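Single-structure report; data block below.
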Amino acid sequence: MKVQDLIDKQIFHVVNSGDDTGREITGVFCCDLLSIAMGKAPADSAWVTVMGNINTIAVATLADVSCVIMAEGAALDEVARAKAKQQGVAVLATEEPVFDAALKIYQELHG
Amino acid sequence: MAEAIRLTYEISPDDFTRAGEASSDVKKKLKSLGVPPEAVRKVSIAMYEGEINMVIHAKGGLITVEISPDQILMILADKGPGIPDIDQAMQAGWSTAPNEIRSLGFGAGMGLPNMKKYTDEMTIDTVIGKGTTITMIVKI
Ligand SMILES: Nc1ncnc2c1ncn2[C@@H]1O[C@H](COP(=O)(O)OP(=O)(O)OP(=O)(O)O)[C@@H](O)[C@H]1O
Ligand SMILES: [Mg+2]
């Protein structure tokens, strides 16, 4: 499933569509602690978190995930939003809890 | 790429809005040089953890990156407090990060373990009260 496919399903709001919506999503990862996400989030995964500061965007870029999903209605702060635009990181959002958001992506990936 | 390319970055202390910029810049340069994605990812992760540690635990410092055809060398030198017990600091879960830093998502105590995991060589030279220099190599 590509980032664009996930956007088209309208399960999540689009905060920033990013530079490469043709990018594949091959898995899903959940954690709010940045260095755990950094060490364990697989490249090309969708990363579900409630942590919405600029460091989230830095980790997303450097760990090379396909997109960030902000769960629980958590917002990206102003600085982080600008950074996401500048770095071309795809960020989607939902009111749903972390597990439910991740499960939806898992179901889209694995039917 | 016959000769090594050398990049240097001044890391300013306590600036979380800029932390990660040096690592992001290195990532971009490696990509454009055609370094294999797996090596780029390793360097990005290891350097970010080191860069953030310089911001949080030291008083900023200097990062030097040397890109050669067969390896990427990173030297992170700070003039912070030093690390009293390296074995303890290297343990997964050990962190002295203060609460306001933890509320940003740091403090899992996984930064140094990540640096070790994603590099082929890593050495820590530290002197209490003088500073810490971490040298890391990722082979291409
Ligand atoms: N450059 C440094 N100067 C002084 N102390 C350091 C430095 N880097 C790490 N430390 C010490 O080692 C500890 C462990 O570092 P590590 O990066 O593994 O975890 P952390 O930074 O506390 O949390 P995180 O999981 O967010 O990285 C730190 O809490 C700090 O006490
Ligand atoms: Mg750290």
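Protein chains in written order, with the numbering used here: chain C, 67 to 177; chain Z, 960 to 1099. Just so you know, even glycine gets a beta-carbon here, dropped at the ideal spot from N, CA and C. In this text the structure is predicted, and so the values were computed from the model without any measurement.
ask   = Any heavy atom of ligand 2 closer than 7 Å to the Cβ of Z:F1065?
value = Reading the second sequence from its first residue, position 106 is the one you call residue 1065 of chain Z. In this structure, the C-beta of Z:F1065 approaches ligand 2 to less than 7 Å from one of its heavy atoms.
inquiry  = If you follow the alpha helix (DSSP H) that C:F165 is in, where does it begin and where does it stop?
reply    = Locating residue 165 of chain C in the first sequence gives position 99, where the first residue counts as 1. That run of the alpha helix (DSSP H) goes V164 to H176.
query = Looking at C-beta atoms only, is the number of pairs between the stretch 999-1007 of chain Z and the stretch 124-139 of chain C that lie closer than 8 Å three or more?
reply = Verdict: yes, contact present.
request  = Could you tell me whether any Cβ in chain B is nearer than 8 Å to the Cβ of Z:G1009?
outcome  = Absent here is chain B; the protein component of the structure consists of chains C and Z.
inquiry  = Give me, in chain order, the residues of the same chain whose beta-carbon lies closer than 7 Å to that of Z:R977; leave out the 5 immediate sequence neighbours on both sides.
reply    = For the purposes of this step, residue 977 of chain Z is taken as the residue at position 18 of the second sequence. Around Z:R977, the same chain offers S971 as residues with beta carbons nearer than 7 Å, after the five sequence neighbours per side are excluded.
request  = Could you name the residues of the stretch 101-129 of chain C whose beta carbon sits closer than 9 Å to any beta carbon of chain Z, in the order they occur along the chain?
outcome  = Taking 9 Å as the Cβ-Cβ cut-off, the stretch 101-129 of chain C approaches chain Z at S101, I102, A103, M104, G105, K106, A109, T115, M117, N119, I120, N121, T122, I123, A124, V125, T127, L128 and A129, given in chain order.
ask   = Would you call the stretch 1054-1067 of chain Z and the stretch 114-121 of chain C in contact, with 3 or more CB pairs under 8 Å?
value = Remark: three or more beta-carbon pairs, one from each stretch, lie closer than 8 Å, so the stretch 1054-1067 of chain Z and the stretch 114-121 of chain C are flagged as touching.
ask   = Hey, Z:E1080 and Z:M1095: beta-carbon distance below 8 Å or not?
value = Within the second sequence, the letter at position 121 stands for residue 1080 of chain Z. Within the second sequence, the letter at position 136 stands for residue 1095 of chain Z. Yes. Within cutoff.
task = Kindly indicate which three-state DSSP category Z:E1080 falls into: helix, strand or coil?
result = Position 121 of the second sequence, counting from 1, holds the residue named residue 1080 of chain Z. For Z:E1080, the secondary structure class from DSSP, reduced to helix, strand or coil, is strand.
task = Kindly indicate which three-state DSSP category Z:K1098 falls into: helix, strand or coil?
result = As a first step, residue 1098 of chain Z is located in the second sequence; it is residue number 139 there, counting from the start. Z:K1098 falls in the strand class under three-state DSSP.
ask   = Could you check where the beta strand (DSSP E) with C:I135 kicks off and where it finishes?
value = The sequence position of residue 135 of chain C within the first sequence is 69, counting from 1. For C:I135, the enclosing beta strand (DSSP E) starts and ends at C133 to M136.
key: Sequence-distant residues of its chain with Cβ nearer than 6 Å to C:D71 (five each side left out)   = Position 5 of the first sequence, counted from the first residue, corresponds to residue 71 of chain C. Hits under 6 Å: none found.
key: Paired residues, beta bridge with C:S111 - DSSP   = If you number the first sequence from 1, residue 111 of chain C lands on position 45. C:G93, per the DSSP bridge assignment.
query = Going along chain Z in order, which residues have a C-beta closer than 8 Å to the C-beta of C:D85?
reply = Translated into the one-based positions of the first sequence, residue 85 of chain C becomes position 19. In chain order: nothing, as chain Z lies at least about 12 Å away.
task = For chain Z, find out if any of its Cβ atoms is closer than 8 Å to the Cβ of C:D98; answer yes or no.
result = Position 32 of the first sequence, counted from the first residue, corresponds to residue 98 of chain C. It does: the Cβ of C:D98 has a partner Cβ on chain Z nearer than 8 Å.
query = In chain order, what residues of the same chain have a beta carbon less than 8 Å from the beta carbon of Z:I1045, not counting five sequence neighbours either side?
reply = As a working note, residue 1045 of chain Z is residue 86 in the second sequence. Contacts found: I1083 and T1085.
task = Inspect the beta-carbon positions of C:G177 and C:E161 and report whether they are closer than 8 Å.
result = Position 111 of the first sequence, counted from the first residue, corresponds to residue 177 of chain C. Position 95 of the first sequence, counted from the first residue, corresponds to residue 161 of chain C. Cβ atoms of C:G177 and C:E161: not closer than 8 Å.
query = Listed by chain order, which residues have C-beta atoms less than 6 Å from any heavy atom of ligand 2?
reply = Cβ-based neighbours of ligand 2 within the cut-off: C:S101, Z:E1008, Z:I1011, Z:N1012 and Z:G1070.
query = Can you give the Cα-Cα distance for C:G154 and C:D166, rounded to whole angstroms?
reply = The residue you call residue 154 of chain C lines up with position 88 of the first sequence. The residue you call residue 166 of chain C lines up with position 100 of the first sequence. Each residue's Cα considered, the two are about 26 Å apart.
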